[in-house]
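2 protein chains.
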Amino acid sequence: MVQQEARQRRPSIHDVASHAGVSAATVSKVLAGVTTVKPENAQRVFDAVERLGYRVDPLASDMRRAKRRIIGAIMPEFESEFFGQMVTELEGLAEQRGYTLVAASSRESEAREKEILARMHDWRVAGVVLAPVRNEHGPAAAFMKANGMTGVLIDRVLSDDAFDTVSADSAAASAEVARMLVGKGHKHILIIGLAEGAATVRARLEGFRAQALTLDPSIRIDVITSEVSVEPLRSSLRDYFGRGERPTAVYSLLLKGTLVALSEFRRRGWHCPNDISLVGFDDAEWMQVTWPAIAAVVQPVRQIASEAMNLLFRRIDGAVGPPTARLEPCQVLMRESVGSPGSGPHSGGGDRQQPPLS
Amino acid sequence: MVQQEARQRRPSIHDVASHAGVSAATVSKVLAGVTTVKPENAQRVFDAVERLGYRVDPLASDMRRAKRRIIGAIMPEFESEFFGQMVTELEGLAEQRGYTLVAASSRESEAREKEILARMHDWRVAGVVLAPVRNEHGPAAAFMKANGMTGVLIDRVLSDDAFDTVSADSAAASAEVARMLVGKGHKHILIIGLAEGAATVRARLEGFRAQALTLDPSIRIDVITSEVSVEPLRSSLRDYFGRGERPTAVYSLLLKGTLVALSEFRRRGWHCPNDISLVGFDDAEWMQVTWPAIAAVVQPVRQIASEAMNLLFRRIDGAVGPPTARLEPCQVLMRESVGSPGSGPHSGGGDRQQPPLS
DNA sequence: GCTAATCGATAAATCGATTTTTCGTTCTTG
DNA sequence: CAAGAACGAAAAATCGATTTATCGATTAGC
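Protein sequences, first through last, are from chains A and B. Numbering-wise, the first sequence is residues 13 to 370 according to the numbering used here. Numbering-wise, the second sequence is residues 13 to 370 according to the numbering used here.
Here you go:
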């Protein structure tokens with residue numbers, strides 16, 4: 013490609029047309045791969061494109077079509093590995109198909125979620141991948157429905173009557189966690205989570221409970237959830253331990269819960285797995301390098317992203333039929349943070365503000 | 013806003029015009045806030061907008077202006093907290109000004125970085141926030157220069173002759189780390205890093221070295237860097253320890269290096285800070301809940317994002333003058349992973365594949 | 001009272017592509 | 001050899017806004 017001298021204005025399709033001695037319509041057809049153009053003219057168009065360094069303006073190109081080659085992605089946050097990877101994957105998949113991905117963070121707010129969606133509707137995006145803040149019944153999905161937008165719901169979602177959904181099979185993963193913990197001999201387990209994703213959280217909870225009670229009906233399962241943010245969860249957990257409750261294992265249904273649990277263990281000077289075992293939903297890179305390594309449920313990010321995009325483009329291409337609800341299998345990584353109860357001394361006792369360093 | 017019945021086609025400015033009994037030009041002027049419109053007509057326009065639920069199509073609106081209200085953001089990755097927060101901040105700041113942010117991940121590849129940039133140029137973005145994979149001298153910045161694009165370079169960058177730059181003051185932060193480590197009595201310190209960000213890494217290195225040698229000229233500073241990816245770093249580190257080298261502290265110049273160091277410590281059964289101290293550049297949420305908590309340099313993400321956007325919009329609005337090079341101050345969080353050398357037994361010894369669990 | 005300046009609004013051009021319509025050739029075919 | 005089909009390409013309409021040029025109706029000024 014030869015550097016164009018005038019860097020002020022980029023060459024338009026008309027510049028190419030006049031250089032090639034044909035009309036703009038012909039240029040458009042050649043670039044679109046239409047075969048009813050004389051080979052000689054096609055060659056002259058290619059030459060002119062090369063000489064001018066011409067590239068199609070996607071904005072102008074999208075003007076005339078109803079469905080623009082833009083995909084919107086709305087995630088609750090970008091700061092976690094899970095959603096970070098998700099956006100990376102989605103972006104790559106959109107690009108492969110010649111689409112541009114516009115990603116936005118709802119910052120865990122349903123109000124913002126709806127605003128972003130309205131803005132994406134303004135852009136007349138071809139489709140939306142929405143990871144809702146709460147669940148599939150929020151105002152964002154309703155907005156999409158009311159405006160006839162096409163989209164796919166992922167992550168904190170189980171199934172919907174209007175949109176395809178793709179999420180991790182958290183129930184199955186939780187059942188596997190239950191098998192492992194019960195197998196290790198745990199008889200008093202605490203589950204912590206946020207009620208945000210209603211159906212999803214319930215799936216994880218029930219998946220665990222059903223399996224655990226099947227294996228050992230005498231098992232005791234306590235549950236601490238918080239409706240809104242993570243801070244109430246922290247204080248509830250503190251109260252719970254403060255009351256003298258001593259489960260031998262904790263299963264956190266979300267990453268931030270795992271962090272809260274770890275920090276509460278720290279506060280009390282408890283070590284995993286001697287004093288208490290810990291498993292968290294959602295893996296992170298650091299979990300395998302800390303001491304102890306933290307056991308975690310790994311969500312199949314790539315599969316979720318790829319399946320979501322497949323379904324989305326099928327709908328964009330006009331596929332009809334009832335919405336599907338996909339569940340992608342997770343992997344459970346058992347690491348050192350899980351042991352058998354009673355294998356080490358339970359350091360019970362009071363609240364040490366400053367944990368010992370050795 | 014009243015729900016429109018026909019959800020097929022959204023109302024255009026002409027629909028509003030005919031409903032209000034005026035021309036499309038008048039509608040455009042009213043919505044742009046031009047005052048030379050009879051109040052009565054303006055009111056009728058507002059009424060029609062309300063009744064039809066009309067919203068401006070940003071694509072069509074941008075067609076006629078040279079600078080479109082789109083900002084491009086290119087990050088090396090989305091998976092880390094740092095870049096995740098960065099994108100969130102940039103998105104919010106762009107939105108505040110009525111711009112749409114299109115973010116893309118270069119996935120640590122300079123080739124991809126340039127491709128993305130070319131695509132953003134196709135979109136005729138008003139400006140670009142580029143966090144280069146290597147440094148300010150890469151092909152991406154050259155492309156921006158050659159095509160007269162306006163942009164700001166951030167993060168792995170010190171200063172440039174064409175673009176404003178904003179980054180963390182890593183030299184000052186590294187000097188502070190040096191003060192703290194030397195203050196604790198460390199006399200043999202290992203620094204690990206990637207040479208990717210040439211100037212930035214050198215700044216961190218020299219910032220540390222200069223300060224450390226000033227405080228204690230007899231101090232020994234070893235440096236292990238890898239040119240390309242993180243895996244060679246891991247093996248170099250393994251070799252280094254395998255040769256019997258026993259620094260009392262490690263300073264990692266990047267997050268992934270901190271993870272590599274931790275995993276090597278694990279492999280050898282060394283604990284922080286008894287066996288070795290550790291400080292890392294770049295903080296992460298988990299670092300304060302693990303045991304021990306990991307000392308880290310916190311980068312001022314919000315300040316970098318906000319300053320970058322300020323500079324960018326100043327240029328978009330036509331500001332001229334030589335490019336500026338901003339350095340935003342970091343915060344150093346000393347945590348339990350740093351202690352004094354010799355305060356605990358150095359567990360020296362060989363390579364234990366399986367670290368002891370208690 | 002007639003021309004000139006002012007005001008408000010409309011018609012038309014524009015942005016850069018795509019798509020439909022029209023048109024001029026060449027090739028068939030009766 | 002003339003009428004019609006087939007082909008290739010140009011002209012024109014379109015997408016939905018913004019901006020410039022134009023125009024008619026008041027108002028001002030002399």
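Glycine is no exception: its CB is placed at the ideal position from the N, C-alpha and C atoms.
Problem - Burial state of Gln343/A, where buried means 16 or more other Cβ atoms lie within 10 Å - result: Burial check for Gln343/A: the Cβ neighbour count within 10 Å stays below 16, so the residue is exposed.
Practice task
With 8 Å as the threshold, decide whether the Cβ of Pro368/B is near any Cβ in chain A.
Solution key: Residue placement at Pro368/B is flagged as unreliable, the pLDDT there being 40, under the threshold of 50; the coordinate-derived value follows with that caveat. No, because no Cβ of chain A sits closer than 8 Å to the Cβ of Pro368/B.
Handout entry: Between the CA atoms of Pro70/A and Ala78/A - distance to the nearest angstrom
Key = C-alpha separation (whole angstroms): 14 Å.
Practice task
Consider the Cβ of Gly96/B: report whether some Cβ of chain A lies at a distance smaller than 8 Å.
Solution key: Chain A contact via Cβ: present.
Handout entry: Beta-carbon proximity of Arg246/B to Val272/B, cut-off 8 Å
Key = Closer than 8 Å, so yes.
Practice task
Quick one: using the 10 Å Cβ neighbour count with 16 as the cut-off for buried, is Met75/B buried or exposed?
Solution key: Exposed.
Problem - Element boundaries [beta strand (DSSP E), containing Thr177/B] - result: For Thr177/B, the uninterrupted beta strand (DSSP E) run begins and ends at 176-180, by DSSP.
Practice task
List the endpoints of the continuous alpha helix (DSSP H) containing Phe95/A.
Solution key: Where Phe95/A is concerned, the enclosing alpha helix (DSSP H) stretches over 93-108.
Exercise for the section: Please look up how many angstroms separate the CB atoms of Ser238/A and Thr212/A, rounded, as I've assumed it's under 8 Å. Expected result: Cβ-Cβ separation between Ser238/A and Thr212/A: approximately 15 Å, too far for a contact (criterion under 8 Å).
Handout entry: Separation of Phe94/B from Pro341/B, as counted between CA atoms
Key = Each residue's Cα considered, the two are about 15 Å apart.
Handout entry: Pairwise C-alpha distance: Leu339/A and Gly361/A
Key = Its pLDDT being 40, under 50, Gly361/A is placed unreliably in this model, and the coordinates cannot settle the point.
Exercise for the section: Express the C-alpha separation of Met98/B and Met192/B in angstroms, rounding to a whole number. Expected result: Cα to Cα, Met192/B sits roughly 28 Å from Met98/B.
Problem - chain A contacts made by the region 68-79 of chain B, where a contact means CB separation under 9 Å - result: Listed by position, the residues of the region 68-79 of chain B near chain A (Cβ gap below 9 Å) are Val68, Asp69, Pro70, Leu71, Ala72, Asp74, Met75, Ala78.
Exercise for the section: Between the Cα of Ala210/B and those of Glu127/B, Gly104/B, Gly96/B, Asn147/B, spot the shortest distance and give me the residue it belongs to. Expected result: Selection Glu127/B, Gly104/B, Gly96/B, Asn147/B evaluated against Ala210/B yields Asn147/B as nearest (Cα-Cα).
Exercise for the section: Quick one: residues in its chain with C-beta nearer than 6 Å to the C-beta of Glu188/B, no 5 flanking neighbours on either side, listed in chain order? Expected result: Only Val344 meet the Cβ criterion.
Handout entry: Chain-ordered chain B contacts of Val114/A [CB-CB under 7 Å]
Key = In chain order: Thr112, Val114.
Exercise for the section: Would you give the residue range spanned by the beta strand (DSSP E) that His26/B belongs to? Expected result: It is not in any beta strand (DSSP E) - His26/B instead sits in the alpha helix (DSSP H) that spans 25-32.
Handout entry: Where Gly361/B falls: helix, strand or coil (DSSP)
Key = Its pLDDT being 40, under 50, Gly361/B is placed unreliably by the model, and nothing is read from it.
Practice task
Can you tell me which of Leu170/A, Glu103/A, Thr260/A, Asp287/A puts its alpha carbon nearest to the alpha carbon of Ser318/A?
Solution key: When each option's Cα is compared against that of Ser318/A, the closest is Glu103/A.
Practice task
Starting from the N-terminal side, write out each stretch of the alpha helix (DSSP H) that is 4 residues or longer and does not extend beyond the region 233-317 of chain A.
Solution key: You should have 243-254, 267-280.
Problem - Beta-carbon contacts of Pro244/A that lie in its chain and below 7 Å, excluding the five residues immediately before and after - result: Excluding sequence neighbours, Pro244/A sits near Ser238.
Exercise for the section: Closer than 6 Å by C-beta to Val178/A: which residues in its own chain qualify, once you throw out the five before and the five after it? Chain order, please. Expected result: These residues qualify, in order along the chain: Ile166, Ile316, Glu319, Ala320, Arg338.
Handout entry: Validate contact between the region 82-89 of chain A and the region 44-54 of chain A using beta carbons, cut 8 Å, 3 pairs
Key = Taking a cut-off of 8 Å on C-beta distances, the region 82-89 of chain A does not touch the region 44-54 of chain A, as fewer than three cross pairs fall below it.
Exercise for the section: Report the option in Arg280/A, Thr226/A, Arg232/A whose CA atom is closest to the CA atom of Asp251/A. Expected result: Measuring C-alpha to C-alpha distances from Asp251/A to each of Arg280/A, Thr226/A, Arg232/A identifies Arg280/A as the nearest.
Handout entry: Per-residue DSSP class, three states only, for Met161/B
Key = Per DSSP, reduced to three states, the secondary structure at Met161/B is coil, with no helix or strand assignment.
Problem - Residues sharing a beta bridge with Ser117/A, DSSP - result: Ser117/A is bridged to Met87/A.
Problem - Straight-line Cα distance separating Arg168/A from Leu227/A - result: About 28 Å.
Practice task
Please name the residue, chosen from Glu257/A, Asn286/A, His283/A, Val240/A, that lies closest to Lys268/A on a Cα-to-Cα basis.
Solution key: If we check each option's Cα against that of Lys268/A, Val240/A comes out closest.
Problem - Reduced DSSP secondary structure (H/G/I, E/B, other) of Ile231/B - result: Note: Ile231/B maps to coil in three-state DSSP.
Problem - Length of the line joining the Cα atoms of Asp27/A and Val68/A - result: So the alpha carbons of these two residues sit roughly 12 Å apart.
Practice task
Could you tell me whether the Cβ atoms of Val141/B and Leu266/B are closer together than 8 Å?
Solution key: Not closer than 8 Å, so no.
Practice task
Please name the residue, chosen from Tyr263/B, Leu206/B, Ala190/B, that lies closest to Pro229/B on a Cα-to-Cα basis.
Solution key: Ranking Tyr263/B, Leu206/B, Ala190/B by Cα distance to Pro229/B puts Ala190/B first.
Practice task
Can you tell me which of the three DSSP states Arg22/B falls into?
Solution key: Arg22/B falls in the coil class under three-state DSSP.
Problem - Partners in chain A for Ala296/B, counting only beta-carbon separations shorter than 8 Å - result: Those within 8 Å of Ala296/B in chain A are Trp298.
Exercise for the section: Answer yes or no: do Glu218/A and Asp234/A have a C-beta to C-beta separation smaller than 8 Å? Expected result: With a cutoff of 8 Å on beta-carbon distance, Glu218/A and Asp234/A are scored as not near each other.
Practice task
Please compile the residues from chain B whose C-beta is within a distance smaller than 7 Å of the C-beta of Val301/A.
Solution key: Neighbourhood of Val301/A in chain B, by CB distance below 7 Å: Leu271, Leu274, Ser275, Arg278, in chain order.
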